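Below you'll find the structure, written out as structure tokens, and then a few comments.
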Amino acid sequence: MSENATALQARALARLETIWDNEQLEAWRVEYIGRKGAVNALFEQISALPHTERGAFGKTANELKLALEAAFNAKIGAIKQIELSKALEAEPLDVTLPGRRPSRGHIHPTIQTLQEIYKIFGEMGFQVYRTRQVETDIMNFQLLNIPPFHPARDNWSTFYVAGSDEKVLLRTHTSPGQIRAMRAAYPNPVRAILPGLCYRYEQVSARYEIQFNQVEGIVVGHNITFGNLKGTLTEFARRMFGERPVRFYGDHFPFTEPSAQMDVRCIICEGRGTDALCKYTGWLEILGSGMVHPQVLRNGGYDPNEWSGFAFGMGPERIAMLKHGITDIRNFWNNDLRFLEQF
Ligand code: DAH
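For the record, in the sequence shown the residue sitting at position 9 is 9 according to the working numbering, with numbers rising by one throughout.
This is the structure:
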């Protein structure tokens, strides 16, 4: 019987040698190692053998089966290899063809806007001062003249951090950095911008995000006047938006007195008040500002009888929207390349 197996193996392997296409290979598989193939036929003979011979016969049959399966698998690989070489020959590689250019990322439109802001204020002698995103209630509100339960808090819907003794929150604006910058600089004058992420507990929409950037500015010195505020911010707008009229508009913030919002003439309707971007007013609001409130100066360590200052706060995403006519703030966080690649 074992001769039989040896002969079968030799015959099967000799046949396999000559096969170089998948169709014939499949026929070979069915004939030899398929369910009704020659190898299984050998196994079926076992029951007809005397008990003493069964073990040895089974072992031989098994070895045969494994050998044929291995040869079969090797052949699959060999055929693939041949097909590949043939394909390469038919379509020769041209190593002189230029490679595919890897696509490079680029800077996010928010960061681009931030960098423009840094450049403009840098040229005017402002330092960049970085402060924390997780703040205390005291810094974010109380030292800015917004006591607990004061209705002004409604302007800053707040994420509070649970489980802390002192009330801790995600800063709702960069203004608490004013206090930190003043305390770090005292008794020197301050001329700094404070960029970074802020968080508000908002219903997200085309106009509101729960996270966004702000750039705060603070100047403290001797004889700093509202004229300095107007001059600095007007020059900022000129460098950011080009030559276009600006206006200062009475506003209210608890930490500045007086306070003003600053508008630039609408880039779409040019002041005619005919489009939705400016809500038909002809003006786009770009920042809030004001003279630092005497109590806030004091909270920063400065005596308001000797020192004065101005401050402002703007949103770089909003500025990018106004500059480029972007109508949905959610674009800045969607990671949609069709949006990002336009900048
Ligand atoms: N913190 C204000 C806000 O988030 C913006 C602001 C207004 C900042 C007036 C200022 C300022 O420094 O003087 O809406």
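Just so it is clear, CB atoms sit at the ideal spot from N, CA and C, and this is done for glycine as well. Since this is a predicted model, take the numbers as computed values, not measurements.
Per the C-alpha coordinates, the member of G273, M314, T274 and R191 positioned closest to Y129 is R191. Taking 8 Å as the upper bound for CB-CB distance, I82 and E209 are not in contact here, some 59 Å apart.
If you check the C-beta of T158 against the ligand DAH, you find no heavy atom less than 6 Å away.
Rounded to whole angstroms, the gap between the alpha carbons of P147 and D251 is 20 Å. Residue environment for I224: buried (at least 16 other C-beta atoms within 10 angstroms of its C-beta).
Here the distance from the Cβ of H173 to the nearest heavy atom of the ligand DAH is below 6 Å. Pairing L49 with E31, the inter-Cα distance amounts to about 24 Å. In the three-state reduction of the DSSP assignment, A206 falls in the coil class.
Counting other Cβ atoms within 10 Å of its Cβ, A206 stays below 16 and is therefore classed as exposed. Taking all protein chains in view, the Cβ of A14 is surrounded by fewer than 16 other Cβ atoms within 10 Å, so the residue is classified as exposed. Note on geometry: alpha-carbon atoms of L284 and I319 lie some 10 Å from one another. Counting along the chain, no alpha helix (DSSP H) covers L49, and no H or E run does either.
Taking every protein chain shown into account, the CB of N155 has fewer than 16 other CB atoms within 10 angstroms, so this residue is exposed. The nearest non-hydrogen atom of the ligand DAH is 6 Å or more from the C-beta of A192. For N145, the three-state secondary structure derived from DSSP is coil. Taken from the Cβ of T274, every heavy atom of the ligand DAH lies 6 Å or farther away. Separation of L68 and P98 (C-alpha to C-alpha, rounded to the nearest whole angstrom) is 46 Å. Within the same chain, Cβ atoms closer than 7 Å to the Cβ of N140 are found at L169, R171, T172 and P176, the five residues on either side in sequence being excluded. Less than 7 Å separates the beta-carbon of L197 from that of Q211.
With contacts defined as CB atoms closer than 7 Å, A61 and F43 qualify as a contacting pair.
Under the DSSP assignment, D137 falls in the alpha helix (DSSP H) whose first and last residues are D137 to N140.
I33 counts as buried, since at least 16 other C-beta atoms from the protein chains shown sit within 10 angstroms of its C-beta.
Cα atoms of K323 and F241: separation of roughly 7 Å, rounded to the nearest angstrom.
Looking only at G58, Q9, G300 and K59, the smallest Cα-Cα distance to Y186 is reached by G300.
In this model, T281 and Y249 are separated by some 13 Å (Cα to Cα). Beta bridge pairing from DSSP links G288 with Q261 and G313.
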